[in-house]
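Each remark here refers to the structure printed beneath this line.
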Amino acid sequence: MIEEHKLQALRELCFGASIFSEEVLNWIAKENLWNLWVPKNYGGLELSFIEGLLKLQEVAKIDGSLGWTLTLCSGANYFIGNLAPETADEIFSKPKAAVCFGGSGGVFGTAEKRGDKYSLSGKWRYATGAPYLTHFTLNAEIYENGQQVLNNDGSPKVRSFVLPREEVEIIEDWNTMGLKASATHSFTVENALVHERFSFKYNEFHQPQDIFKIPFSVFADLTLWVNYIGMAQHFLEEARHNLQSKEILKNLKGSISISNQKTVNYSTSIEDKIENEVKITSEFMEEIHKTASNSVKDISRNIIEVYPSLGVKASRENEQLNQIFCDYFTATQHHIFTK
Numbered sequence: 223m224i225e226e227h228k229l230q231a232l233r234e235l236c237f238g239a240s241i242f243s244e245e246v247l248n249w250i251a252k253e254n255l256w257n258l259w260v261p262k263n264y265g266g267l268e269l270s271f272i273e274g275l276l277k278l279q280e281v282a283k284i285d286g287s288l289g290w291t292l293t294l295c296s297g298a299n300y301f302i303g304n305l306a307p308e309t310a311d312e313i314f315s316k317p318k319a320a321v322c323f324g325g326s327g328g329v330f331g332t333a334e335k336r337g338d339k340y341s342l343s344g345k346w347r348y349a350t351g352a353p354y355l356t357h358f359t360l361n362a363e364i365y366e367n368g369q370q371v372l373n374n375d376g377s378p379k380v381r382s383f384v385l386p387r388e389e390v391e392i393i394e395d396w397n398t399m400g401l402k403a404s405a406t407h408s409f410t411v412e413n414a415l416v417h418e419r420f421s422f423k424y425n426e427f428h429q430p431q432d433i434f435k436i437p438f439s440v441f442a443d444l445t446l447w448v449n450y451i452g453m454a455q456h457f458l459e460e461a462r463h464n465l466q467s468k469e470i471l472k473n474l475k476g477s478i479s480i481s482n483q484k485t486v487n488y489s490t491s492i493e494d495k496i497e498n499e500v501k502i503t504s505e506f507m508e509e510i511h512k513t514a515s516n517s518v519k520d521i522s523r524n525i526i527e528v529y530p531s532l533g534v535k536a537s538r539e540n541e542q543l544n545q546i547f548c549d550y551f552t553a554t555q556h557h558i559f560t561k
């Protein structure tokens, strides 16, 4: 639990920021928050799924950009589980908290196979935390001898890669109403030669911890879901200070409470299934995704119900309520909850 005075200090430092200050970045490093899911033997916190979700929600309640950036970047560091052990050793042998992954989930480039290396080129969008990253992750379609490599079903073969910051050019094009300090810029790579050991597949794991037995789609759904809840909690907190009658907040409060309970129930169930070696079925994964999507839609409706009652103050750029509103509705545009 973050102490109240530190919470307020962080909130003040993040308010109105288009990029995190050194003080905020130093706090993240000191708390080792990029490495929520990284095993202890690699210098990480190795939190359980429930512990990590609670931490992400707590931080999202402080500030939307802060929570979003930590979620996406610690979620990229989660890929340590997908890397071959010798590759993980090579990258994470750096001093504690020095490694920060991040990148794009889209398939926007190509990887031409050349022996045991790949030549990567392309432009990828939406790399959350771009200025803070030490390594970029990306997905690319595979080519060999000038021909596209296909899977058995005829679809393009895709692999994921991790590149050091030096191989990437950041394009500062993140120009949104909210989540400004997440600095979710695009980036380009041009003919970067990368050894095949720096490629991976999302659902192939090489680390033994239970966290890496969670299907990636479930991990993504729940880690993002708690961000929406955290931001909504912050909105509710600020709205209470600006309303004489609190009756209009009833639906939002109820929606947050229900969503909170559902995330706890699902994360507990997932941990129990893994501990007891019970398969996490595709039906259960789809249930989680639908529930999370509906939860976010419900929270969104209730925030919109409250917003007109908050007056012009909530529309001013130098007001906390306005920033929370903009952060939240920028976050709702993430593709996994808009399908």
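The numbering of the sequence shown is the working numbering, which starts it at 223 and goes up by one. Each residue gets a CB set at the ideal place from its N, CA and C atoms; glycine is no exception.
message: Considering just the uninterrupted stretch of the beta strand (DSSP E) at P430, what are its terminal residues?
response: Here P430 belongs to no beta strand (DSSP E), and DSSP marks it neither H nor E.
task: Pair every Cβ in the stretch 278-298 with every Cβ in the stretch 239-259, then say whether three or more of these pairs are closer than 8 Å.
output: yes
message: Once DSSP output is grouped into helix, strand and coil, what is the label at R387?
response: helix
message: I'd like to know if the stretch 387-398 and the stretch 279-286 are in contact, where contact means that at least 3 CB-CB pairs between them fall below 8 Å.
response: no
query: Among residues of its own chain, excluding the 5 on either side of E426, which ones have a beta-carbon nearer than 8 Å to its beta-carbon?
result: N304
- request: Tell me whether the beta-carbon of G351 lies closer than 7 Å to the beta-carbon of G324.
  value: yes
task: Consult DSSP for T377 and reduce its assignment to one of helix, strand or coil.
output: Residue identity check: residue 377 is Ser in the sequence provided, not Thr. Three-state result, S377: coil.
- prompt: By the 10 Å Cβ neighbour count, where 16 or more other Cβ atoms means buried, how is S421 classified, buried or exposed?
  reply: buried
P386 beta carbon less than 7 Å from that of H417: no
- prompt: Looking at E226 and L235, is the spacing between their C-beta atoms short of 7 Å?
  reply: no
- request: Pick helix, strand or coil for G476, following the three-state DSSP scheme.
  value: helix
field: Proximal residues to V390 (C-beta, below 7 Å), its chain only, five neighbours per side dropped
entry: F358, F409, V411
- prompt: Name the DSSP bridge partner or partners of N361?
  reply: V329, S382
query: Are at least three pairs of beta-carbons, each pair with one atom in the stretch 428-446 and one in the stretch 501-509, less than 8 Å apart?
result: yes
Beta-carbon spacing of L255, S489 below 7 Å: no
- prompt: Where does E539 sit, in a helix, a strand or coil, going by DSSP?
  reply: coil
field: N- and C-terminal bounds of the alpha helix (DSSP H) containing K402
entry: K402 -> no alpha helix (DSSP H), and no H or E assigned at all.
query: Could you give the distance in angstroms between the alpha-carbon of A454 and the alpha-carbon of L415?
result: 44 Å
Segments of 4+ residues assigned as alpha helix (DSSP H) that fall wholly inside the stretch 272-316: 286-299, 307-314
query: Grouping DSSP H, G and I as helix and E and B as strand, with all else coil, what is K339?
result: strand
- prompt: What is the residue span of the alpha helix (DSSP H) that V528 lies within?
  reply: 504-528
query: Just the Cα atoms here: how many angstroms apart are N299 and V321?
result: 8 Å
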